[in-house]
Structure formats: C-alpha cells, structure tokens
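Counting from 4, one number per residue, gives the positions in the sequence shown under our numbering.
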Amino acid sequence: SAGCSTGEEPYSIAMVVRETVPEDWDVKILATDLDSDVVRHAREGIYRAERVEGLSRERLRRWVRRGRGDKAGLVRMAPALRQLITFKTLNLMEPWPMRGPFDFIFCRNVVIYFSKDTQRVLFDRFADLLPADGHLFIGHSESLHRVTDRFRLLGQTIYRKVK
C-alpha cells in the first residue's frame, strides 16, 4: 500500500486477507508513506471510533477492539491484523530498499499530485516489482491511459501487468 497515510487501507486489506486467504499462506503487507508521523500513527492502529463506523457488525466484532476508560471513543485494530502489516517511511521518488515481487500494489490517490512523466517513472517501477500477472490498484480519479503500456485495465481502478 504505497501512500498509505494513517493506515486505513492496509488494515482493510489485512481484513480481507484474514477472511479469505488460507492461514498457511505466507502473506505480508508492506504499507508506506512519505510522512513519518502518519506512518507512526498507522503502526499503532489506533483510531477514533467514527473511523470504523462503515464496517459491518461482524468485522467490528472480529477485527476492532474498543477502548475503555480513558481510551473510550478510540478503537484499535486487532493483533491478527497488525502482525500482517509492516509500516515504513518511503519516498516513492527515491531508490527503494524492497526488491519484490509483490502480487498486488495499491497506490490509490497518490499519483494525482505527480506530472505525467513522474507517473510514467513510478508506474514502470511498480511494473518491475510485479510478477507477469501482478495487479495494480489506483484511485478513481487516476488513470494509466497515455502514461504507460505495461498494464491492461481490468476494471475502473484495477490493472494487470502485461509487460
């Protein structure tokens, strides 16, 4: 999850993984952001209760721990979710320490701030980290059209690597 901000996206991904992927699969989620303060917040997995109001009752019961006493009004993501995710500070435009491969890359609502040339460089770098049929998820206001030919559109915001 590139540009993960305070971590809601990687925790949502972790919920889906825990609910759908067999336990014996080796799954790891790398979540990065440029801002070390939001990465620290994400790593803690503590949010105002309003931030999880959109979750189903079952997901709340299974994955969210409600605060009590002086922690009332706060929630914390369950340890089973937190242990799947590694949060790191990362500037997407500098050299990356990770080598891949990654089966999926989520980079939603990040590239809208970049020029087309910068987007092309970033998407090529993502393609280099994905296997032949890896998937890239971008935001609804973003597009790879006329930026790179290394992905094929599968849905409104989902692309599969082709080159």
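Each residue gets a CB set at the ideal place from its N, CA and C atoms; glycine is no exception. Nothing here was measured: the structure is a model prediction, and the numbers come from that model.
* Check each candidate in Glu145, Gly137, Ser144 and name the one with the smallest Cα separation from lysine 166. => Gly137
* With 16 other CB atoms within 10 Å as the buried threshold, where does glycine 76 fall? -> exposed
* Asked: At which residues does the beta strand (DSSP E) containing lysine 164 begin and terminate?
  -> 161-164
* What are the partner residues of cysteine 7, as DSSP defines its beta bridges? -> For cysteine 7, which the question treats as bridged, DSSP gives no partner whatsoever.
* Asked: How long is the line joining the alpha carbons of lysine 91 and arginine 60, rounded to whole angstroms?
  -> 30 Å
* To do: May I have the straight-line CA-CA distance separating valine 114 from glycine 6, to the nearest angstrom?
  => 9 Å
* To do: Please go through the region 48-105 and give each complete alpha helix (DSSP H) segment of 4 or more residues, from N-terminal end onward.
  => 60-66, 82-85
* Asked: Is leucine 147 helix, strand or coil by DSSP?
  -> coil
* Asked: What residue from Asp106, Val124, Leu147, Arg111 has the CA that sits closest to proline 98's CA?
  -> Val124
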